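Heads up, the thing below is written out as structure tokens.
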DNA sequence: CGGCATGTTGCGCA
DNA sequence: TTGCGCAACATGCC
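Next comes the structure, spelled out in structure tokens:
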């Protein structure tokens, strides 16, 4: 599921389903997902409340309730929200349920998460994970000065820097791989080798373009990932731009595909 | 059966 | 003290 474009699509769903809806029942039995809050706190915070807003920053979602409470949701690796009829049976890997009434119509919204790497907690104020997030490439203008600084100060590779949620909220392994391919920059380049303002701009443009492509793709194939990636998951196959066999390397513990033919490596 | 997976975190070690 | 690499988390799927 989860990188910025998927989470954004989820935000739009939740906004459509929940804003203005009143909660008639809420339940989760999963202490792991609701940590450090308790499953009981989740039910208690939601019952009888009305959703006012659904916000997103990077891969985090925040649902604001009418009494000032907030529900934070992170999809982890396999989390997803679905809407079903009221009283519908438990969906596969269901971890939480929110029954609501919107404009007189009752229905149910379920959170499913096979691996349970996600988070789902109801709290009174913003959590540290949310506050620590850097700018969101879709929502906010990015501060090029700050990005250049992050690159300059980083001994890490440019891919690791770009995936740092404090630098760009929402960029994960797919977006970083695709964005750098579009920007024609070798993901192994150390950040402090990319000193030109033009480099930062090119990378930001590549990431934005990758996000736009993914969003368009999600809209078209509402379900699953019809992979139309340039580089992600395609090591060994020809580069769609220059035909060179795409290489594979592990950076920051994540598999990374790139083209040694047309992605420039800086030292 | 082995290997890999869109994410994050915490631990051991240099 | 800081930083880095990597295992761990829990499960599906090829």
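In the numbering used here, the protein residues as written are 8 to 274.
All C-beta atoms, glycine included, are put in the ideal place defined by N, C-alpha and C.
Everything numeric in this text was worked out from a predicted model, so none of it was measured.
In this structure, does DSSP put residue i in helix, strand or coil?
i	result
residue 231	In this predicted model, residue 231 has a pLDDT of only 46, less than 50, meaning its place in the structure is not dependable; the value taken from the coordinates is given anyway. Residue state, collapsed to three classes: coil.
residue 85	coil
residue 128	strand
residue 175	coil
residue 159	helix
residue 113	strand
residue 80	strand
residue 90	strand
residue 199	helix
residue 263	strand
residue 34	strand
residue 185	helix
residue 149	coil
residue 193	coil
residue 245	strand
residue 119	strand
residue 103	strand
Going by Cα to Cα distance, which pick from the options is closest to residue i?
i	options	result
residue 46	23, 156, 78 and 59	78
residue 217	54, 186, 59 and 122	186
residue 197	155, 63 and 181	155
residue 94	128, 193 and 113	113
residue 128	164, 120 and 52	52
residue 19	225, 254, 169 and 212	225
residue 219	189, 247 and 205	189
residue 236	184, 167 and 172	184
residue 80	44, 167, 203 and 267	44
residue 165	246, 88, 48 and 210	210
residue 167	245, 263, 205 and 223	263
residue 254	267, 247 and 248	267
residue 204	222, 150 and 115	150
What do you reckon, are the CB atoms on residue i and residue j nearer than 9 Å?
i	j	result
residue 214	residue 175	yes
residue 126	residue 101	no
residue 124	residue 86	yes
residue 193	residue 257	no
residue 131	residue 76	yes
residue 177	residue 11	yes
residue 273	residue 200	yes
residue 54	residue 31	yes
residue 195	residue 269	no
residue 73	residue 50	no
residue 9	residue 141	no
residue 82	residue 120	yes
residue 40	residue 92	no
residue 14	residue 65	yes
residue 56	residue 170	no
Tell me the residue span of the alpha helix (DSSP H) that contains residue i.
i	result
residue 23	11-25
residue 166	165-170
residue 41	38-41
residue 51	46-53
residue 136	135-138
For the ligand COA, any of its heavy atoms closer than 8 Å to the Cβ of residue i?
i	result
residue 262	What this structure holds is no ligand at all, so the ligand COA is not there to describe.
What are the boundary residues of the beta strand (DSSP E) that residue i is part of?
i	result
residue 64	58-64
residue 69	67-72
residue 258	254-258
Count the CB pairs spanning the segment 122-140 and the segment 60-77 that are closer than 8 Å, and state whether there are at least three. Contact between the segment 122-140 and the segment 60-77 is present, because at least three Cβ pairs lie under 8 Å.
Is it a yes or a no for the segment 237-249 touching the segment 157-166, going by three-plus beta-carbon pairs under 8 Å? Touching, no, given that fewer than three Cβ pairs across the two stretches are closer than 8 Å.
Touch check for the segment 55-66 and the segment 25-33: three-plus C-beta pairs under 8 Å? yes
Should the segment 92-109 be regarded as contacting the segment 141-148, the criterion being three or more beta carbon pairs within less than 8 Å? no
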